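Colleague: Counting in our numbering, the sequence shown runs from 53 upward without gaps. Dropping the structure in here first, questions after.
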Amino acid sequence: MDNQQLKDPNNPSGPVQTKGKYKVWVDRNLCIGAATCVAVSPKSFQLDNEAKAVIVRTIDEEELENIIEAAKACPVAAIFIEDEKGNRIFPK
Ligand code: SF4
């Protein structure tokens, strides 16, 4: 995992802004490195060398539905998504 691939090298696990309107982040304290999110949306999530999920640049190419699917698939609900108004998309 190289820093160049990160959406925001200063905030590897977010929050990041994607598609100009959605805010996505991973709570690193909750993440247990199960990598389910990586399996569902490798364009959005990868594991770093601490086995915590980080957000990669290609999240901008990913459909919102797949980002939500990845968040739903996380066994510890460590992935958060909000819309441009700060309304929580997932988890509700
Ligand atoms: S699925 Fe959840 S626990 Fe697993 S790596 Fe992704 S964010 Fe972490």
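A virtual CB, placed ideally from N, CA and C, is assigned to each residue, including glycine. Every value quoted in this text rests on a predicted model; they were computed, and no experiment measured them.
#1: Could you tell me if residue 56 is buried or exposed, where buried requires 16 or more neighbouring beta carbons within 10 angstroms of its beta carbon?
#2: If you run the structure through DSSP and keep just helix, strand and coil, what is residue 103?
#3: For ligand 1, I want to know if residue 131 counts as a neighbour, meaning its beta carbon is within less than 6 Å of at least one of the ligand's heavy atoms.
#4: Over the uninterrupted beta strand (DSSP E) stretch that includes residue 120, give me the two end residues.
Modeller: Let me spell this out:
#1: exposed
#2: coil
#3: yes
#4: From DSSP, residue 120 is part of no beta strand (DSSP E) but of the alpha helix (DSSP H) over 116-125.
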